[in-house]
Each structure stands twice: as structure tokens, then as C-alpha cells.
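Asker: Using my numbering, the letters of the sequence shown map in sequence onto residues 20 to 207. Backbone N, C-alpha and C define an ideal beta-carbon position, used for all residues, glycine too. Small disclaimer: the values here were computed from a predicted structure and weren't measured. Dumping the structure here so I can ask a few things about it.
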Amino acid sequence: MSVDETAPLRVLVVDGDHHARTAVVSLLEGSAELEVIAETSDGHDAVTLAGRLRPDIVLLDAGAARHTAPLSRSSRVFVLAPDQETAEPALRDGACGHLVPGAFTVLDLIRGLRAASRLTLGLSAREAEVMDLIATGRSNGEIARQLFLSEKTVKNHVNRIYSKLGVSSRATAIALWRGMVSILPPRD
Numbered sequence: 020m021s022v023d024e025t026a027p028l029r030v031l032v033v034d035g036d037h038h039a040r041t042a043v044v045s046l047l048e049g050s051a052e053l054e055v056i057a058e059t060s061d062g063h064d065a066v067t068l069a070g071r072l073r074p075d076i077v078l079l080d081a082g083a084a085r086h087t088a089p090l091s092r093s094s095r096v097f098v099l100a101p102d103q104e105t106a107e108p109a110l111r112d113g114a115c116g117h118l119v120p121g122a123f124t125v126l127d128l129i130r131g132l133r134a135a136s137r138l139t140l141g142l143s144a145r146e147a148e149v150m151d152l153i154a155t156g157r158s159n160g161e162i163a164r165q166l167f168l169s170e171k172t173v174k175n176h177v178n179r180i181y182s183k184l185g186v187s188s189r190a191t192a193i194a195l196w197r198g199m200v201s202i203l204p205p206r207d
């Protein structure tokens, strides 16, 4: 996985319905922030592909939810399900979010990823806002101007973010913010 903040997030799409899978792939292909690296109709194949390709995100049809646990060990998994009740088993097994097929946008997926990262990493809302701007390549001065803060306040936020993430560089912080494997909580 790339730590380059300009590299798109790599996505694996898993859906047994060919038309639904094609619709999701088409939606994602319109985004500069996401890149579909593989698609499959089968959850077992998804586990094999994920092990080989190491996607940042797996979009998993609820029909393949029994594969959530192994996929969530190396990627952020979002279950595609018509309602929360259908998504619940995958969420219990490690999926970090739920999206309604045909009703979500690329922005919804990115917001879900950021929310999952924020919760996992323990950042405050302001720290998450600063981290979003860091991930877009902005300097501390640019962040200060955009958020109407002093540059010293931004530096304090950045230092707290680095401390919470256990990192010492922007590149590593960005990689963690984007949902790389090493931030996933250990399984019991």
C-alpha cells in the first residue's frame, strides 16, 4: 500500500449480483480518490485476492458476509446491504461500515472510511479535521488559514495527532489515516 497522499485508495468489490457489482465499479471509477483493483462475485475468491492485492477497502455484498472477519484483518470492509439488520452480522465480524447499494456516493464511502479511521485512532473532531487537511497535502500554515487558527495551534494539533498515532512523519500519519492495516485493532 502506498503512503503517497496523492495515490488513490485501492478497492476490491465483492458482489454476487453482476449488475450490482458493475454499478458499484462504475460509480467508483469516476473518482480520482479511489481505484478499483479487482472485483469478484465470490467471498472465498475475495479472501484470496485481498491476501495477494492488499486493498485498502473491500466493498462486500451482504451475501458474502461470512468472509468479513478474514477480510477485515487486512482491509477496511464496508458491507453492502439494504438495511442495518441485514448488515449487522458483517458489522459484528469486523466490517467498519454499512452502505446501501445503489444509494451511496463516493463521498459517502470516503466519509465512512474517515469516520472509521477517526474512531479507531482516537482523534478528536478537530484533530480529524486537521488530519483530513494534512492528507490533502496542506502545510501547517495553509491549514491554519483554512481553519482560522494560529499556526502554533495547528502545530499543537499535529503533535497530538502524531502522539496518538505513534508516528513521527506526515507520510506515515497519512497512511494510517487512509486506513492501512497496521491501525486495525488486534483480534482476540
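(1) Kindly list the residues whose CB is nearer than 8 Å to the CB of I56, restricted to its own chain and excluding five residues on each side of it in sequence; keep chain order.
(2) Among all the DSSP beta bridges, which residues are the ones paired with H117?
(3) With 16 other CB atoms within 10 Å as the buried threshold, where does D102 fall?
(4) To the nearest angstrom, how far is the alpha carbon of A83 from that of D34?
(5) From A51 to A26, what distance separates their C-alpha atoms?
(6) Along the chain, where does the beta strand (DSSP E) containing R111 start, and where does it finish?
(7) Nearest to H208 by CA position, among H86, L78 and L46, is which residue?
(8) So, with DSSP's three-state summary, where would you put G79?
Answerer: Answer, in terms of the structure:
(1) R29, V30, L31, L72 and P74
(2) V98
(3) exposed
(4) 8 Å
(5) 9 Å
(6) Counting along the chain, R111 falls outside any beta strand (DSSP E), though it belongs to the alpha helix (DSSP H) covering Q103 to R111.
(7) The requested residue 208 does not occur in the structure, where the chain is confined to residues 20 to 207.
(8) For clarity, residue 79 is Leu in the given sequence; the question names Gly instead. If DSSP states are grouped into helix, strand and coil, L79 belongs with the strands.
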